[in-house]
Amino acid sequence: MDDFDARNPDSNANIGGVPPRKKPRKLMILRLLTFGLPIVVLGTAVGGTIAMSAFSPEPEETDTPIKALPVLTALAKSDSVMMTVKAQGEVQPRTEINIVSQVGGRITYMSPDYIQGGRFTRGDLLVRIDPAEYKLRVTQARANVSQAQTVIAREQSESDLARIDWEDLGSGGTPTPLTLREPQMAEAAAQLESAKAQLAEAELQLSRTEIRAPFDGRVTERLVDEGEFVGTNSRLGRIYATDIMDVRLPMTQTDLREAGLFLGYEAKGDAGVPVRLTLTSIGSESEWTGYITRTDGRFDSQSRVLHVYAEVRNPFADISKGHPPLAPGLYVDAEINGPVINNVLTIPRAALRGTSDVYVANNDGTLSIRTVEVQSSDRTKAVLRGGITAGDAVVTSPIRGAAEGMKIEVVDPNAPKSSPTTEGA
Numbered sequence: 122m123d124d125f126d127a128r129n130p131d132s133n134a135n136i137g138g139v140p141p142r143k144k145p146r147k148l149m150i151l152r153l154l155t156f157g158l159p160i161v162v163l164g165t166a167v168g169g170t171i172a173m174s175a176f177s178p179e180p181e182e183t184d185t186p187i188k189a190l191p192v193l194t195a196l197a198k199s200d201s202v203m204m205t206v207k208a209q210g211e212v213q214p215r216t217e218i219n220i221v222s223q224v225g226g227r228i229t230y231m232s233p234d235y236i237q238g239g240r241f242t243r244g245d246l247l248v249r250i251d252p253a254e255y256k257l258r259v260t261q262a263r264a265n266v267s268q269a270q271t272v273i274a275r276e277q278s279e280s281d282l283a284r285i286d287w288e289d290l291g292s293g294g295t296p297t298p299l300t301l302r303e304p305q306m307a308e309a310a311a312q313l314e315s316a317k318a319q320l321a322e323a324e325l326q327l328s329r330t331e332i333r334a335p336f337d338g339r340v341t342e343r344l345v346d347e348g349e350f351v352g353t354n355s356r357l358g359r360i361y362a363t364d365i366m367d368v369r370l371p372m373t374q375t376d377l378r379e380a381g382l383f384l385g386y387e388a389k390g391d392a393g394v395p396v397r398l399t400l401t402s403i404g405s406e407s408e409w410t411g412y413i414t415r416t417d418g419r420f421d422s423q424s425r426v427l428h429v430y431a432e433v434r435n436p437f438a439d440i441s442k443g444h445p446p447l448a449p450g451l452y453v454d455a456e457i458n459g460p461v462i463n464n465v466l467t468i469p470r471a472a473l474r475g476t477s478d479v480y481v482a483n484n485d486g487t488l489s490i491r492t493v494e495v496q497s498s499d500r501t502k503a504v505l506r507g508g509i510t511a512g513d514a515v516v517t518s519p520i521r522g523a524a525e526g527m528k529i530e531v532v533d534p535n536a537p538k539s540s541p542t543t544e545g546a
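Following the numbering used here, the numbering of the sequence shown begins with 122 at its first residue and continues without gaps.
See below:
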């Protein structure tokens, strides 16, 4: 007989062949409530929310008026305008040369003015090379000339004696050139010419020991000192003339048209197109007047501009009056007045947006964005070729996020502003 365990009833389930007892229904209901009830509650909440949304009244739409943006305007005008072209360029001397020795030797003299920045006048002695050797050559050449003159005089005498002897002999006929010593006389004459040429060359070499200024000017660079030995064709320095300065100005094809210039333009002195040159430094502005006298022979292949040359005469003339000179190396502003053009549109420069846009205030209180063709512009105005018409009100005040058709309100800047007390009344 099987043992009976009173402490564990479940272990006795099969005792005596009795089948095990089923789990109570209460446990199953408890589990169902634990897992199923939250799902039912969640589904009910979602369904209620959907139902409430479906049957709730829609919100009423209200029209909010768009406030017009206040702007300042100016009228586009039809006017006659003198075209002005602006450019910048570097000042260059018309004439600038190297000082080169044509003979060799030791430098025995240098002018006190032959220094960096020194000023000299035409004919001033700048450098002298030791002339002793070249003076000896001149003396020798003169002796050779004297000797050749003696030889030709002797040959002439002998020729005269030969003719007398021929006549005394009574031989008759005509004496031969050899009898009259004509070949010897020709040789002596040639030797005399050679001696004279050698003398001229020696005198020329002697004159080249003194290097004189070929024009009024200033010293750009000095490369030697007194006592230094130089050879033939040695570079001694660099000088430039102060009579004329050129300013090389780059101009586009549009600039050329507005200034009345063209490739191959040429004029003499003040007959050229006037140009105003200015140099602005701290607290002051210097001004010179020049004239366009010529252009380069071709357009620049990379920048597509043509360089024109403004000529300024006597740029150092007013130094004594305290006016600064137009010196080489300066970078100056140029303003060229071209021909007068009639019936062009002008607007304030502030009305031009970017390079080609203008905002126009329409009569219905909306904004239009127009694309215009700008002929020229400066700090105050822009000259247009088209895109708007005379009388159009162009917007001059700043606008952020401008759009075609946006609402605007033109404001009169001269109208009196209402006080806060008046506004609150």
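Think of the CB as a built atom: it goes at the ideal place given N, C-alpha and C, for glycine as much as any other residue. Remember, it's a predicted structure, so these values are computed and weren't measured experimentally.
Could you spell out where the alpha helix (DSSP H) holding residue i opens and where it closes?
i: residue 527; result: It is not in any alpha helix (DSSP H) - residue 527 carries neither H nor E in the DSSP assignment.
i: residue 315; result: 303 to 328
i: residue 260; result: 253 to 290
Report back the beta-carbon spacing between residue i and residue j to the nearest angstrom; my notes put them in contact at under 8 Å.
i: residue 210; j: residue 334; result: About 28 Å; that fails the 8 Å criterion.
i: residue 466; j: residue 199; result: 6 Å
i: residue 445; j: residue 407; result: 5 Å
i: residue 459; j: residue 242; result: Actually they are not in contact, since the Cβ atoms of residue 459 and residue 242 sit about 39 Å apart, beyond 8 Å.
i: residue 303; j: residue 280; result: 7 Å
The beta strand (DSSP E) spanning residue i covers which residue range?
i: residue 463; result: 452 to 469
i: residue 367; result: 365 to 372
i: residue 191; result: 190 to 192
i: residue 502; result: 502 to 507
i: residue 478; result: 478 to 482
i: residue 428; result: 427 to 434
i: residue 519; result: No beta strand (DSSP E) contains residue 519, which DSSP labels as neither H nor E.
i: residue 399; result: 394 to 402
i: residue 386; result: No beta strand (DSSP E) holds residue 386; DSSP gives it neither H nor E.
i: residue 488; result: 488 to 492
i: residue 362; result: 356 to 362
i: residue 338; result: 338 to 343
i: residue 406; result: 405 to 416
i: residue 333; result: 331 to 333
Does the distance from the CB of residue i to the CB of residue j come in under 9 Å?
i: residue 529; j: residue 189; result: yes
i: residue 396; j: residue 427; result: no
i: residue 222; j: residue 353; result: yes
i: residue 547; j: residue 312; result: The structure shown does not extend to residue 547, since the chain is modelled only from 122 to 546, so the question has no answer here.
i: residue 338; j: residue 362; result: yes
i: residue 191; j: residue 493; result: no
i: residue 220; j: residue 332; result: yes
i: residue 433; j: residue 479; result: no
i: residue 455; j: residue 431; result: yes
i: residue 232; j: residue 238; result: no
i: residue 476; j: residue 453; result: no
i: residue 421; j: residue 429; result: no
What number of angstroms, rounded off, separates the C-alpha of residue i from the C-alpha of residue j?
i: residue 535; j: residue 384; result: 50 Å
i: residue 327; j: residue 252; result: 6 Å
i: residue 526; j: residue 514; result: 15 Å
i: residue 366; j: residue 224; result: 32 Å
i: residue 377; j: residue 402; result: 28 Å
i: residue 349; j: residue 227; result: 6 Å
i: residue 423; j: residue 249; result: 47 Å
i: residue 277; j: residue 259; result: 27 Å
i: residue 267; j: residue 229; result: 32 Å
i: residue 471; j: residue 356; result: 57 Å
i: residue 468; j: residue 372; result: 24 Å
i: residue 216; j: residue 360; result: 9 Å
i: residue 544; j: residue 533; result: Any reading at residue 544 is ruled out, since the residue's pLDDT is 42, under 50, leaving its predicted position unreliable.
i: residue 285; j: residue 298; result: 14 Å
i: residue 261; j: residue 316; result: 10 Å
i: residue 502; j: residue 344; result: 52 Å
i: residue 255; j: residue 450; result: 40 Å
i: residue 207; j: residue 457; result: 6 Å
i: residue 520; j: residue 399; result: 35 Å
i: residue 464; j: residue 409; result: 32 Å
i: residue 310; j: residue 282; result: 18 Å
i: residue 322; j: residue 301; result: 34 Å
i: residue 269; j: residue 330; result: 28 Å
i: residue 517; j: residue 379; result: 26 Å
i: residue 197; j: residue 483; result: 13 Å
i: residue 425; j: residue 346; result: 46 Å
i: residue 213; j: residue 386; result: 20 Å
i: residue 485; j: residue 202; result: 32 Å
i: residue 487; j: residue 474; result: 17 Å
i: residue 235; j: residue 411; result: 30 Å
i: residue 542; j: residue 508; result: The predicted model places residue 542 with a pLDDT of 45, which falls under 50 and marks its position as unreliable; any figure quoted below should be read in that light. The alpha-carbon atoms of residue 542 and residue 508 are separated by roughly 45 Å.
i: residue 419; j: residue 413; result: 16 Å
Complete runs of the beta strand (DSSP E) confined to the segment 197 to 261 [at least 3 residues]:
198 to 214, 217 to 221, 226 to 231 and 246 to 250
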